[in-house]
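Below is one structure; the comments refer to it alone.
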Amino acid sequence: MLQRILSTRVAAPKFAYSPCVRHGATAYVAGMVALDPDSGRLVDGGVAAQTRRIFDNLQLALPDYGLDLDALCLARAYLSDFSTFAEFNHAWESVFAGRPLPARTTLGVAALPLGAAVEIEFTFACSTAERS
Numbered sequence: 000m001l002q003r004i005l006s007t008r009v010a011a012p013k014f015a016y017s018p019c020v021r022h023g024a025t026a027y028v029a030g031m032v033a034l035d036p037d038s039g040r041l042v043d044g045g046v047a048a049q050t051r052r053i054f055d056n057l058q059l060a061l062p063d064y065g066l067d068l069d070a071l072c073l074a075r076a077y078l079s080d081f082s083t084f085a086e087f088n089h090a091w092e093s094v095f096a097g098r099p100l101p102a103r104t105t106l107g108v109a110a111l112p113l114g115a116a117v118e119i120e121f122t123f124a125c126s127t128a129e130r131s
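Residue 123 in numbering that gives the first Met the number 0 sits at position 124 of the sequence shown, with consecutive numbering throughout.
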């Protein structure tokens, strides 16, 4: 059965979707853009700053989702300008310093919601205890 999970610690979705759903032993976190949790607005500063904000927001929401960053299996990142890949990758590496790296796909796209420079979606493995 599909379970929808919400977090009050991050900005509410701007469009009609579930921020996190769980099915069996897997949790899917919808693509996140770098919204400031207080104002709900996209943060400035380019792809590196937005990547860091996405991970800050993810860390804020994970307790509500019943998840931990160490259970992250796969991330898909979308960049609106692929020439910023090195900046994105540097910010990514800083998040995972000393942690196991999840699988990752990075794509260049024509545009992202709200004019974002980056959007990232996540797939987590859930333990038996987390599924209850």
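C-beta: ideal position from N, C-alpha, C; glycine also.
Beta-carbon gap between residue i and residue j smaller than 8 angstroms
i: V117; j: F84; result: no
i: A115; j: S79; result: yes
i: L59; j: V9; result: yes
Which listed residue (the options) has its alpha carbon closest to that of residue i
i: A110; options: V28, Y77, I119; result: Y77
i: A11; options: V20, G23, V32, G39; result: G39
i: L106; options: D55, R75, L57, C19; result: R75
i: A47; options: L73, S93, R21; result: S93
i: F54; options: F95, H22, D63; result: F95
i: P62; options: C19, D37, A24; result: C19
i: G65; options: Q49, D43, L5; result: L5
Distance, residue j Cα to residue i Cα
i: R3; j: G45; result: 31 angstroms
i: T7; j: L57; result: 12 angstroms
i: V108; j: V32; result: 14 angstroms
i: L113; j: V28; result: 18 angstroms
i: G23; j: A124; result: 9 angstroms
i: M0; j: D43; result: 38 angstroms
i: S126; j: P36; result: 28 angstroms
Beta-carbon contacts of residue i that lie in its chain and below 6 angstroms, excluding the five residues immediately before and after
i: G30; result: E118, E120
i: S17; result: R3
Proximal residues to residue i (C-beta, below 7 angstroms), its chain only, five neighbours per side dropped
i: R51; result: A90
i: T122; result: T25, Y27, C72, L73
Cβ-based burial, residue i [other Cβ within 10 Å; buried from 16]
i: F14; result: exposed
i: A26; result: buried
i: L34; result: buried
i: L100; result: exposed
i: A128; result: The pLDDT assigned to A128 is 49, lower than 50, so where the model puts this residue is not dependable; a value taken from the coordinates is nonetheless given after this. Looking at its Cβ environment, which holds fewer than 16 other Cβ atoms inside 10 Å, A128 is exposed.
Sequence-distant residues of the same chain with beta carbon closer than 8 angstroms to residue i, five excluded per side
i: R98; result: L68, D69
i: R103; result: L73, A74, R75, A76, W91
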